[in-house]
Amino acid sequence: MLKLKSVKTFVFASTVSLAAATGALAFPDKPIDYIIPFGPGGESDISARFQQPYFKEKFGQDLVVSYKPGGGGAVGWAQLNSMTADGYTIMGVNLPHIVIQPAQKDVGYTTDDINTFYMFHYTPDAIVVTADSPYQSLDDLIADAKANPGSVTMSGSGKATANHLAQIRFDKLADIKTTYVPFKGTGASTTANLGKQVKAQWGYTTVGAAQGDAVRMLAVAMEERHPLFPDVPTFKELGYDMVGGAYRGMAAPKDTPPETIKALSDAFGAINADEAFRKQMLDGGFAMLDVDSAGMADFMKARKEEYLQAATEAGLLN
Amino acid sequence: MIETTAKTGRKDVGTLIIASLLIGLGLITLYDVTTYSDSDSVVFPSFVAYALIFCSVLVIIYSWLKPNPHNGFGTGDWWRRFLLVASMLAACLAMPLSGFLPATAIAFAGGLIAARHEGWDARSAIIFALSGVFIMAGFYSLFRFALGVPLP
Amino acid sequence: MGLEHLANALTLTNLALALFGVVAGTVIGSIPGLSATMAVAVLVPITFSMAPASALILLGAIYTGAIYGGAYSAILLNTPGTPSAIGTTFDGYPMAKRGDGDLAVAIACFASVFGGIVGALALLLLAPPLSSVALAFGPVEYLWLSIFGLSLIASLSTGNVLKGLAGGALGMLLSCVGVAEISADIRLTFGVSPMIGGIEVVGALIGLYCIPVLIDLVATPERHLKVEQGVRAVRVREAALIAWRSRLNLLRSSVIGTVIGILPGAGGSVAGLVAYSEAKRTARPDQKFGDGEPDGIMATESANNATVGGGFIPTLVLGIPGTPPDAVILGALLVQGVRTGPTLFDGGGSIVYTFIFGLFIATILMLPTGLLIGRYAYKTIVTIPKTILVPAVGFMTIIGTFAIRNSVSDVIIMIVLGSVGWVLSRFGFAASPIVLGLILGPIAEQGFVQAWIIGDATGNLAGMFFGRPISLAIIAFTILSLVYPVIQSRRAKRTLATQANLND
C-alpha cells in the first residue's frame, strides 16, 4: 500500500517534472518579437541583427526584429510594460539612456520599470580622428585643446548620451575644454568627422571597426585593449580613469513569469557563449558582456549610481 | 461706401479665427521654450514661433482688407463628415480594449454608411458588408502574418 | 566590373528574386504607411540563408519597387505612399481628377525607371569619387538645402503666400514636438506622454493628405475621379511621347536625385522636392505646375528613384547609410560578413558589381511590371464604388499608420491632424507647406544648431554660414528660384505691352 502510494507519487512527480522540462524546452514555440526602440542602422539594430541567425539556429524560431523609434528610445520603453507579458515580446534596452532619460524629465517610464533580463555587449567610448588628422596621439589633442580652449570641436551622437557624458568626463579628467557638437546618431556624427566638419569624434570602437583605415582611434575606454585594435591604447594606460560606453541588452514586460525570464536569459546567454557569435561581434568592434537575469539587479544598481553621479557632475540634471 | 462693402461681402471669419489660433499657438510655444534647460533646443522653436505670429498677423490684416469669397466649407453633408471622422477615432479608442479587427470594424461601418449616398437595401447591405469583411481580413493577414506587425 | 558580373546577376535565381522584389516592393510602396524600410527589414532574416549578392539584389529590388509604388496612391488618392512621393501628389492628383490618372501612372513609371537607371549608373561608374559629396555636406549645407526646399512654399501656395508661410511655420513647430533630436529637452508635449515620440512624419502625411480627401468624398455623391467614357486601355505610347519630350527634365531631376540621395541627411523626399522646384523654375510659361502638369510628376518620380542608386554610394563606399532602407541593408550585409568601404569596390568587387547589375535588372523589370500593376491599380480605384472605397482607404490609413511603429496614438494624431488640415485647407492654408515644414524643419534646426556651435567654437560665425562655396551655390539657387518667377512674369507682361503698343 505504502509502496503503491510512493510509486504513484513518483509517477506523478515525474510527469510534472517532465511537463516542466518539455515546457522549458518548448519555450520558444513561436516567433519572438524583438523591438528595437530606434531606427535601423545604429549599433542597437546591428547587434540585434547579429543575434538573429543564431537564435533561429539554436532554438528553431525566428527572432523578428522591428523598429519603434521615437524620443531617443523613450517611446518604446514607455510602452514596454503594457505589451503582452508572455515572453514573446522583448525589447532592446540601452544604458545610459534608461538611467538618464527618466532622471531628467518625465518620459513615461522609470529606470526600475524596465525589466532587463540580459546585457550582452557594450560599445566602449573612443576618440576617433580621420587618418590624415594632425592628432597622432591623445596628447596631441590635449595639447591643442590646452593651447586653444574650446576650439577643438568633437562630434557625437545626441546630448545626455554616452558620447556626451564621455566628453564631459574626459574634459574634466584632462582639464581641457573641448566643444561638443551633437548629431543625430552615430552615423551622422561619423560623417561629420570624416568630412572634417569637426576635428575629432566621440564615438565607439565600432566606428573604428566600420571605418577601417579611414580613421584612427586615439584611445578606447576599456580595461584592456580591444583585440581588434591591439595598437590603440586604453585611456587607463594613458592615465585617465575612463572605462565605459553604451551598454545594450534586452528587457521583457514586467509581468512576464520569472521562469520565462530565466528561459529568455538562458537563451541569449547561449547565443553569447557561441564562439562564432563572439567573433562576429568582436570583429564589428563590440565588446562582450555577460550579465544574466540573476546578476542584473546588482549590475543595474552600480550603473545607475555611476551614471547619475556623472550626469549630476556634468550639470545635465537639475 | 455701402456698395463696396456689399461687393467685398462678409468678412472671411474662418481665416481670421484660424490666424488668431495660430498666433495663440505661437504664444504658447514662446511660453513653452522658457521651460527648456538646454539653450540649443530653444533657438529654433522660438524663431519659428515669431515667424508664425508675424505671418498670421499679416494674414489677418490682408484678409480683413481683402476677404476671399471662395473660402468656406462649401456644400455637403455634415453628418457624413462627422460620422467618418468620429468612427475612425472611436476605432482608435476601442482598439486597446477590443483588439484590432472589432475596433476597425467600427471605422469601416462608419465609413460605409457615410459614403453611401444611394440608400440601402438588404442586397447592397450584404454585399458591402461581405466585401468589407474580405478587405479587412486581407489587409489584416498581410500586415499581421506577412509583415509581422504586432496588431493588438 | 565586367561581363562575368553581369552574367552572375543574370542567373535564374537572381532574375526571379529581382522580379519578386520589384512586384512585392511596388505593392508595399503603394499602401500608405508601408514603407520600403519596413519591407526590407521584414525580409532581412530570409536573406541570411542566401548568397550575399542574391540577398542584396532582392533587398535592392524591393526598395526600388517601393519607391515607385508610392506614386500610385499619390496619384490616385492624393496620399503619398512614401514620403518620397510627396511632390507626385502636386500634379498627379489633379491629373487623376480630370480623368488622366492612367496617363499619370504610366508617366510615373517611365520617369521612375529612367531615374533608377541614372542612379544605378552613377553607382556603377562613379561611386568612390561621388561618395565625397556626402562628406562635403556639413551642417551649414544641410541648413541651406532645407531653406532651398522651404522656398518651394512660396511657389506652391498660389494665391496666398502669407498663408503658405504660416502653414510652413506651423509644420516646423509640429516637427519640434517630442524629445529634441540633438538636445536633451522634451518640447511642446504639454505633459501628454504619448507625444514624447513626436509627430511621426509618415503618419502626418497620411493624415494631412488622405483624410481631407475622404472627408470631401463622403460629403457629396459625386464620383471620386472623373472617368472618360470609352477609356483607352493604357496610355503607354502617349506617356512615352511626353517623357521623351521632357528628357531634359528627366535627366536633370535624375542627377539631382542621385546627388541628394548621396547625402545621408536628406533622402528621397528632399530629392523629389528639390527636383520639383527646379523643374518648376525652368518651366515654359504655358506649363501650369500644381494643376496637373506631367513634368511635375516626372521630376519627382525620376528624382526619388535616382536616390536608390545614389543612396547606395555612401552605404557601400563609406559604410554610412544614405537612407533608412540603406541602413537596414547595411546591417544585413554586416551579418553576412561583407565589410563595406572603398576596398569593397576593388577587393570584394564581385559582390558589389553583381548587385549593381541586379539593381539595373530590377529597375528595367519595373517598366513592364509597373505598367501592368499601375493599370490594375488605376482600374480598381476608378471602378470601385465610392461606398466601399472610402471605408477601405480609411481602414488602410489606420492599419498603415499603426504599423509604422505599432502605436495607437500615432493613429489618433493622424486622424486629428487630418481633420484640422481639412479645415485649414478650406480657408486657404494648404497641406503641402505644413508638410514641407514638418520634413525640412528638423534638417534646418540641426544644421543651424551644429553650424552655430562649430562657428562659435572656431570664432568664425559669418564665415561658417556665408563663406563656404557649396553653401553659396545653394543660396544662389534659392534666390534664383524665388526671384526668377517674378522676373519672368514681368517680362511676359512687358512683351504683352509691347505687342499691344505695336498693335496700336
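Chains as they are written, first to last, in full-length UniProt numbering: chain A, 1 to 318; chain B, 1 to 152; chain C, 1 to 504. Glycine included, each C-beta is placed from N, C-alpha and C at the ideal position.
TODO: Could you check the C-alpha separation between Ala48 of chain A and Ala96 of chain C for me, to the nearest Å?
DONE: Taking the first residue of the first sequence as position 1, residue 48 of chain A is located at position 48. Taking the first residue of the third sequence as position 1, residue 96 of chain C is located at position 96. Rounded to whole angstroms, Ala48 of chain A and Ala96 of chain C show a C-alpha spacing of 44 Å.
TODO: In angstroms with no decimal places, state the Cα-to-Cα distance between Arg81 of chain B and Leu125 of chain C.
DONE: In the second sequence, the residue the question calls residue 81 of chain B occupies position 81. In the third sequence, the residue the question calls residue 125 of chain C occupies position 125. Cα to Cα, the separation comes out at about 54 Å.
- [ ] Take the Cβ of Arg116 of chain B as the centre, count every other Cβ of all protein chains shown within 10 Å, and call the residue buried at 16 or more, exposed below.
- [x] Stepping through the second sequence from its first residue, residue 116 of chain B is reached at position 116. Arg116 of chain B comes out buried.
Open item on the list: So for Ser66 of chain A, helix, strand or coil by DSSP?
Closed with: By one-based count along the first sequence, residue 66 of chain A stands at place 66. The three-state secondary structure of Ser66 of chain A, taken from DSSP, is strand.
Open item on the list: By alpha-carbon positions, which one of C:Val218, C:Leu59, C:Thr315 and C:Ala53 ends up nearest to Leu10 of chain C?
Closed with: Here residue 10 of chain C corresponds to residue number 10 of the third sequence, with the count starting at 1. The shortest Cα separation from Leu10 of chain C among C:Val218, C:Leu59, C:Thr315 and C:Ala53 belongs to C:Ala53.
- [ ] Output yes or no for whether 9 Å exceeds the beta carbon distance between Val113 of chain C and Gly309 of chain C.
- [x] Walking along the third sequence from the start, residue 113 of chain C turns up at place 113. Walking along the third sequence from the start, residue 309 of chain C turns up at place 309. Not a contact, by the Cβ cut-off of 9 Å.
Task: 8 Å CB neighbourhood of Leu16 of chain B in its chain, flanking five on each side removed - done: Position 16 of the second sequence, counting from 1, holds the residue named residue 16 of chain B. Here the set comprises Ile60, Ser63 and Trp64.
Open item on the list: What would DSSP say about residue 322 of chain A, mapped onto helix, strand or coil?
Closed with: Examination of residue 322 of chain A is not possible in this model, given that chain A is present from 1 through 318 alone.
TODO: Kindly indicate which residue of C:Pro485, C:Ile384 and C:Leu130 has the alpha-carbon position closest to the one of Asp286 of chain C.
DONE: Reading the third sequence from its first residue, position 286 is the one you call residue 286 of chain C. For the options C:Pro485, C:Ile384 and C:Leu130, the alpha carbon positioned closest to that of Asp286 of chain C is the one of C:Pro485.
Open item on the list: Under 9 Å, CB to CB, which of the residues in the region 25–48 of chain B have a partner in chain C?
Closed with: Result list: Leu25, Gly26, Ile28, Thr29, Asp32, Val33, Thr35, Tyr36, Ser37, Asp38, Ser39, Asp40, Ser41, Val42, Val43, Phe44, Pro45, Phe47 and Val48.
Task: Residue environment, Arg405 of chain C, which counts as buried when at least 16 other CB atoms sit within 10 Å - done: For the purposes of this step, residue 405 of chain C is identified with residue 405 of the third sequence, where counting begins at 1. When all chains shown are included, Arg405 of chain C counts as buried.
TODO: Give the interface partners of Ser265 of chain A over in chain C, defined as CB-CB distance under 8 Å, in chain order.
DONE: If you number the first sequence from 1, residue 265 of chain A lands on position 265. Within chain C, no C-beta atom comes less than 8 Å from the C-beta of Ser265 of chain A; the nearest is roughly 22 Å away.
Task: Where Ser63 of chain B sits in the DSSP three-state scheme - done: Along the second sequence, read from residue 1 onward, the residue named residue 63 of chain B stands at position 63. Helix.
TODO: Step through the CB atoms of chain B and report whether any lies within less than 9 Å of the CB of Trp144 of chain C.
DONE: For the purposes of this step, residue 144 of chain C is taken as residue 144 along the third sequence, with counting starting at 1. False, the Cβ-Cβ gap to chain B never drops below 9 Å.
Task: Unbroken alpha helix (DSSP H) run spanning Val220 of chain A, endpoints - done: Residue 220 of chain A sits at position 220 when you count from the first residue of the first sequence. Unbroken run through Val220 of chain A is the beta strand (DSSP E), Val215 to Val220; no alpha helix (DSSP H).
Task: Cα-Cα separation, Leu317 of chain A to Thr35 of chain B - done: As a position in the first sequence, residue 317 of chain A is number 317, starting the count at 1. As a position in the second sequence, residue 35 of chain B is number 35, starting the count at 1. Their Cα atoms are separated by approximately 14 Å.
- [ ] Closer than 9 Å, Cβ to Cβ, to anything on chain C: give me those residues from the region 43–71 of chain A, in chain order.
- [x] Correct list: Asp45, Ile46, Ala48, Arg49, Phe50, Gln52, Pro53, Lys56, Asp62, Leu63, Val64, Val65, Ser66, Tyr67, Lys68, Pro69, Gly70 and Gly71.
Open item on the list: Counting only Cβ pairs nearer than 8 Å, list the residues of chain B close to Ser419 of chain C.
Closed with: On the third sequence, residue 419 of chain C is found 419 positions in, with the first residue counted as 1. Near Ser419 of chain C (Cβ distances below 8 Å), the residues of chain B are Val85.
Task: Close Cβ partners of His224 of chain C (< 7 Å) along its chain, the five nearest in sequence each way excluded - done: In the third sequence, counting from the first residue as 1, residue 224 of chain C sits at position 224. The residues are Leu217, Lys386 and Leu389.
- [ ] List the residues of chain B whose Cβ lies closer than 9 Å to the Cβ of Thr478 of chain C, in chain order.
- [x] For the purposes of this step, residue 478 of chain C is taken as the residue at position 478 of the third sequence. Going along chain B, no residue has its Cβ under 9 Å from Thr478 of chain C, so there is no contact; the nearest lies around 17 Å.
- [ ] Kindly list, in the order they appear in chain A, the residues whose Cβ is closer than 8 Å to that of Gly148 of chain B.
- [x] Here residue 148 of chain B refers to the residue found at position 148 when the second sequence is read from its first residue. The contacting residues are Pro31, Asp33, Val64 and Ser66.
TODO: List the residues that DSSP assigns as beta-bridge partners of Ser157 of chain A.
DONE: The residue labelled residue 157 of chain A in the question sits at position 157 within the first sequence. In the DSSP assignment, Ser157 of chain A is bridged to A:Phe183.
TODO: For Lys163 of chain C, go through chain D and note every residue whose CB falls closer than 7 Å to its CB, in chain order.
DONE: Looking for chain D here will not work: the only protein chains present are A, B and C.
Open item on the list: Suppose contacts are defined by Cβ-Cβ distances below 9 Å. Is Gly119 of chain B in contact with Leu84 of chain B by that definition?
Closed with: The residue labelled residue 119 of chain B in the question sits at position 119 within the second sequence. The residue labelled residue 84 of chain B in the question sits at position 84 within the second sequence. Contact annotation: Gly119 of chain B and Leu84 of chain B have beta-carbon atoms that are not nearer than 9 Å.
TODO: Can you pull the chain C residues whose beta carbon is under 7 Å from the beta carbon of Ile18 of chain B, in chain order?
DONE: Taking the first residue of the second sequence as 1, we reach residue 18 of chain B at position 18. Ordered by position in chain C, the residues that pass the 7 Å Cβ test against Ile18 of chain B are Leu424, Phe427 and Phe429.
- [ ] Please confirm if Ile135 of chain B has its CB atom under 9 Å from at least one CB of chain C.
- [x] For this step, residue 135 of chain B is matched to residue 135 along the second sequence. Yes, Ile135 of chain B lies at the interface with chain C (some Cβ there is under 9 Å from its Cβ).
Task: Among C:Tyr353, C:Leu359, C:Met464 and C:Ser425, nearest to Glu4 of chain C - alpha-carbon criterion - done: Stepping through the third sequence from its first residue, residue 4 of chain C is reached at position 4. Out of C:Tyr353, C:Leu359, C:Met464 and C:Ser425, C:Tyr353 has the C-alpha closest to the C-alpha of Glu4 of chain C.
Open item on the list: Taking CB distances under 9 Å as the criterion, tell me whether Thr89 of chain A reaches chain B.
Closed with: Position 89 of the first sequence, counted from the first residue, corresponds to residue 89 of chain A. Closer than 9 Å: yes.
Open item on the list: Taking the straight line between their C-alpha atoms, what separation do you get for Thr186 of chain A and Gly268 of chain C?
Closed with: Translated into positions along the first sequence, residue 186 of chain A becomes position 186. Translated into positions along the third sequence, residue 268 of chain C becomes position 268. A direct Cα-Cα distance of roughly 21 Å separates Thr186 of chain A from Gly268 of chain C.
Open item on the list: What ranges does the alpha helix (DSSP H) occupy inside the region 327–366 of chain C, keeping only unbroken runs of at least 4 residues that lie completely in it?
Closed with: Within the region 327–366 of chain C, the runs of alpha helix (DSSP H) at least 4 residues long that lie entirely inside it are, in chain order, 343–346.
Task: DSSP state of Thr22 of chain A mapped onto helix, strand, coil - done: As a first step, residue 22 of chain A is located in the first sequence; it is residue number 22 there, counting from the start. Bear in mind that the predicted position of Thr22 of chain A carries a pLDDT of just 45, short of 50, making it unreliable; the figure below should be weighed with that in mind. In the structure shown, Thr22 of chain A sits in a helix (DSSP, three-state: H, G or I).
- [ ] Run through the region 15–48 of chain C for me and flag every whole alpha helix (DSSP H) of 4 or more residues, listed as ranges in chain order.
- [x] Within the region 15–48 of chain C, the complete alpha helix (DSSP H) segments of 4 residues or longer fall at 36–47, listed in chain order.
- [ ] Give the interface partners of Lys279 of chain A over in chain B, defined as CB-CB distance under 7 Å, in chain order.
- [x] Taking the first residue of the first sequence as 1, we reach residue 279 of chain A at position 279. For Lys279 of chain A, no chain B residue has a C-beta closer than 7 Å to its own C-beta; the minimum C-beta separation is roughly 29 Å.
Open item on the list: Which residues in chain A have a C-beta closer than 8 Å to the C-beta of Ile196 of chain C? List them in chain order.
Closed with: Counted from its first residue, the third sequence places residue 196 of chain C at position 196. Residues of chain A passing the Cβ test: Gly70, Gly71, Ala74, Val75, Ala78, Val107 and Gly108.
Task: Chain-ordered chain B contacts of Lys159 of chain A [CB-CB under 7 Å] - done: Counting from 1 along the first sequence, the entry for residue 159 of chain A is found at position 159. What Lys159 of chain A touches in chain B: Asp38.
- [ ] Return the residue from the list C:Leu359, C:Asp102, C:Leu165 and C:Gln336 that minimises the CA-CA distance to Leu6 of chain C.
- [x] Against the third sequence, residue 6 of chain C aligns to sequence position 6. Checked all of C:Leu359, C:Asp102, C:Leu165 and C:Gln336; the closest Cα to Leu6 of chain C is C:Leu359.
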